[in-house]
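Colleague: Quick one: the structure is below, questions incoming.
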Amino acid sequence: MPPLRADDAVEQVRARLNLVDIARQHARLRKQGREWVGLCPFHQEKTPSFAVNEQKQSWFCFGCQQGGDIFDFVQRIDKVDFPGALGILAEMAGVELPERAPGERRRTELRRRIIELNELAAKYYQYVLFSLPAGEPGRRLLRQREIEDEVGRRFGLGYAPGGSGLTAYLRKRTLSLADAQLAGLVRRDGLDAFQQRLVVPIRDERGRSLAFTGRTVVAEEPRKYINTRETEVYSKSRVIFALDLARPVIEERGHAVLMEGQFDVIMGHQRGVGNAVASSGTAFTEDQLRLLRRYTDELVLTFDQDASGRQATRRAIELAAGQGLHVRVAHLPGEAKDPDEYLRSGGRWEDALAQARPGWEHWIREEIADLSPNRPADVEVAVARIHGVLARIPVPAVAESVRQEAAIWFGMDPKLLTAPAAQRKPARLSSPNSLSTNPPGSNGPPVKPPPSRLSARVAHLLQVLAVRPDAARLAAAELPLEAIETDDREAVLRMLSALAEGGLAALRQHLPDFPEEERNLVWSAWAAAPPRCDDELVQELIERIVQATASRRRSAIIGRLLEAERRGDEAAVETLSQEWAMALSQRQG
Ligand SMILES: [Zn+2]
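With our numbering, the residue at position 252 of the sequence shown is 1492, and numbering never jumps.
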């Protein structure tokens, strides 16, 4: 049969598939009159506002005011573009898509056969693990790992007893052993590729088995884990382990939890961390983060607590920043070496999450952990190390807010941290004419947004106030104006006086006169409220603002102290050291 044209394929898909069937895979729908209705799969709701019209093959949500046909539905639910949706639906419908290059059809065919073989192998392994005496070594390992049967089945775990059991099973079904070799399931000598191993299917985000990891059950076996080598369907740098299971939970909780090992993830799901995923047999790659970005823009990292885990954490922070993802690093309280051990020993995930810090903060705090702000020599080392990290931050506005904060984490004068940052961004320090805004018609680099004038703390507070105008009274009462510095102070004043004048209505009315940065903060808070807006957070932000200013003033002393040391002015060093000691004792108080 000659390949179809693209629009023919679209029509064939429409003819063969029913939107109701597709939608029911993602939402529980009831028939109501001519329509099917249920809770919307695209937004959180308690009363159904999602409706599918079977006759028209269209859907609409009265909550999020979105709708469309079967292609729009798949585009939104699978976070793919139109060709992506067409690919998914064509496969479901058994419609052959037009070929882009000769040989592609053959490859598509081979991919389909390999996935089919993998699915069969997974079934075989699972049957051995849970139903045959030969599966006992695998079951023993599950018991040691404290993995419940139900969870094992959810992950499709199986046991490969060894010999040529799988080979015989496939041959009996008259499947091609040559294909099975290409799939990495069967060795050239006719034996199964996996021998005496607990096997873990590596599935793509849609749940198709692409490859396997085999964990040995033999104590003296030197290769503890082996993976299917790269095949026509499996490229280890592109697949994320457990994404098929974690997807809905990632969307529900708004973030994904990245772990290092597959057993960390399995234990995570068993203990309620249903949004946990892992890379398999490699550090996280750009491709993998790009895949995750379809589902969330926030990652929580929890890798092993050793040197290589630390390395992997830093690499992930940097890669994620390059893609505009937010990163936090969870902290496992206690001695556990990895999340598996932590969760198995009864550790609560909420505790680890509660202590999670933003990625760059985590990195910098780790760098300065062994240094003391009381020793001027240490301060110089800290400055160098902090600059080392700041230089890796791709977004200048983020680097700037981290720079301000970093001085405070360490307890020193933020001025000491300016030099290299200023070199990277000369526009900030020069005259307004030379700001990176291009004159009309120029061919220069694209216009950059102006750097942020506000500190991250104050920006956060403004966003909270924009959605919780009633907290303005608390802020006005608790935040002494002398504890805020110039730009920050003006912004807070503008917000508080607008809210005092007439709440949100007054804010909306005055907003056009606000500086752009503040306007954007308010708009974005209105579009998506900050995750927390309670009084406790307001108090916490106020405290941080007060602390930051105090710390900045206190630590200005250190700048003068270093300067005096360089001059060799011993009298000044003496006086300033005393001032510094006093400032520190005030901080305790
Ligand atoms: Zn909706």
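Just so you know, even glycine gets a beta-carbon here, dropped at the ideal spot from N, CA and C.
Relative to the alpha-carbon of residue 1543, which residue among 1599, 1327, 1456, 1430 has its alpha-carbon at the smallest distance?
Modeller: Measuring from the Cα of residue 1543, the nearest candidate turns out to be 1599.
Colleague: CB of residue 1300 to nearest heavy atom of ligand 1: below 7 Å?
Modeller: Result no, Cβ not under 7 Å from ligand 1.
Colleague: Are the beta-carbon atoms belonging to residue 1518 and residue 1502 less than 8 Å from one another?
Modeller: Contact: yes.
Colleague: Given 7 Å as the limit, tell me if residue 1308 has its C-beta closer than that to any heavy atom belonging to ligand 1.
Modeller: Outside the cutoff, so no.
Colleague: First and last residue of the beta strand (DSSP E) that includes residue 1456?
Modeller: Start and end: 1449 to 1456.
Colleague: Leaving out the 5 sequence neighbours to the left and right, which residues in its chain are closer than 6 Å to residue 1580 when beta-carbon positions are compared?
Modeller: Closer than 6 Å at Cβ, skipping near neighbours: 1503, 1504, 1507.
Colleague: Applying the 10 Å Cβ sphere with the 16-neighbour rule, what's the burial state of residue 1816?
Modeller: Label assigned to residue 1816: buried.
Colleague: Helix, strand or coil: how does DSSP classify residue 1424 here?
Modeller: Coil, per DSSP.
Colleague: Helix, strand or coil: which one does DSSP assign to residue 1542?
Modeller: Reduced to three states, the DSSP call for residue 1542 is strand.
Colleague: Here's a check: name, in chain order, each residue in its chain whose Cβ is nearer than 7 Å to the Cβ of residue 1489, leaving out the five neighbours to either side.
Modeller: If we look at residue 1489 and ignore the five residues flanking it on each side, its Cβ neighbours are 1514, 1515.
Colleague: Starting from residue 1322 and walking both ways along the alpha helix (DSSP H), at which residues does that stretch end?
Modeller: Taken as a continuous stretch (DSSP letters only), the alpha helix (DSSP H) holding residue 1322 covers 1322 to 1333.
Colleague: According to the Cβ coordinates, are residue 1603 and residue 1629 closer than 8 Å?
Modeller: In contact: residue 1603 and residue 1629 (Cβ atoms closer than 8 Å).
Colleague: Measure the Cβ-Cβ separation of residue 1432 and residue 1402 and say whether it is below 8 Å.
Modeller: Yes, these two residues count as a Cβ contact at 8 Å.
Colleague: By the 10 Å Cβ neighbour count, where 16 or more other Cβ atoms means buried, how is residue 1763 classified, buried or exposed?
Modeller: Exposed, since its Cβ has fewer than 16 Cβ neighbours within 10 Å.
Colleague: Going by Cα to Cα distance, which pick from 1473, 1757, 1453 is closest to residue 1464?
Modeller: It is 1453.
Colleague: Does the beta-carbon of residue 1799, which I'm using as the reference point, lie nearer than 7 Å to any heavy atom of ligand 1?
Modeller: For ligand 1, not one heavy atom lies less than 7 Å from the Cβ of residue 1799.
Colleague: For ligand 1, is there any heavy atom lying closer than 7 Å to the beta carbon of residue 1278?
Modeller: Incorrect: residue 1278 has no Cβ contact closer than 7 Å to ligand 1.
Colleague: Does any heavy atom of ligand 1 sit closer than 7 Å to the C-beta of residue 1641?
Modeller: No, Cβ of residue 1641 sits at least 7 Å from all heavy atoms of ligand 1.
Colleague: Which complete beta strand (DSSP E) runs does the segment 1367 to 1404 hold, if anything under 3 residues is left out?
Modeller: Listed in chain order, they are 1398 to 1400.
Colleague: Just the Cα atoms here: how many angstroms apart are residue 1844 and residue 1267?
Modeller: A question about residue 1844 goes unanswered here, because the residues of the chain that appear run from 1241 up to 1829.
Colleague: Are residue 1709 and residue 1652 close, meaning C-beta to C-beta below 8 Å?
Modeller: For residue 1709 and residue 1652, no; Cβs fall outside 8 Å.
Colleague: Use the C-beta contact count for residue 1522: other C-beta atoms within 10 angstroms, 16 or more gives buried, fewer gives exposed.
Modeller: So residue 1522 counts as exposed.
Colleague: Buried or exposed: which applies to residue 1666, given that a residue is buried once 16 or more other Cβ atoms fall within 10 Å of its Cβ?
Modeller: Low confidence applies to residue 1666: its pLDDT is 35, below 50, so where it sits in the model is not reliable, and the reading given next is rough at best. With fewer than 16 Cβ atoms within 10 Å of its Cβ, residue 1666 is classed as exposed.
Colleague: Which same chain residues, not among the five before or five after residue 1330, have their C-beta less than 7 Å away from its C-beta?
Modeller: Within the same chain, residue 1330 has close Cβ partners 1249, 1253, 1337.
Colleague: Below 8 Å between beta carbons: does that hold for residue 1697 and residue 1788?
Modeller: The answer is yes: Cβ separation under 8 Å.
Colleague: For residue 1700, count neighbouring Cβ atoms within 10 angstroms of its own Cβ and tell me buried if that reaches 16, exposed if not.
Modeller: Its Cβ being crowded by 16 or more others within 10 Å, residue 1700 is buried.
Colleague: Tell whether a beta-carbon distance below 8 Å holds between residue 1577 and residue 1520.
Modeller: No.
Colleague: With DSSP collapsed to three states, give me the class of residue 1652.
Modeller: Residue 1652: coil per DSSP, three-state reduction.
Colleague: Please state if the CB of residue 1381 and the CB of residue 1438 are separated by a distance shorter than 8 Å.
Modeller: Yes.
Colleague: Tell whether a beta-carbon distance below 8 Å holds between residue 1572 and residue 1539.
Modeller: Not a contact, by the Cβ cut-off of 8 Å.
Colleague: How would you label residue 1509, buried or exposed, when you count the other beta carbons within 10 angstroms and need 16 or more for buried?
Modeller: That one is buried.
Colleague: Any contact of the segment 1583 to 1595 with the segment 1639 to 1658, i.e. 3+ C-beta pairs under 8 Å?
Modeller: Taking 8 Å as the limit for Cβ pairs, the verdict is that the segment 1639 to 1658 does not touch the segment 1583 to 1595.
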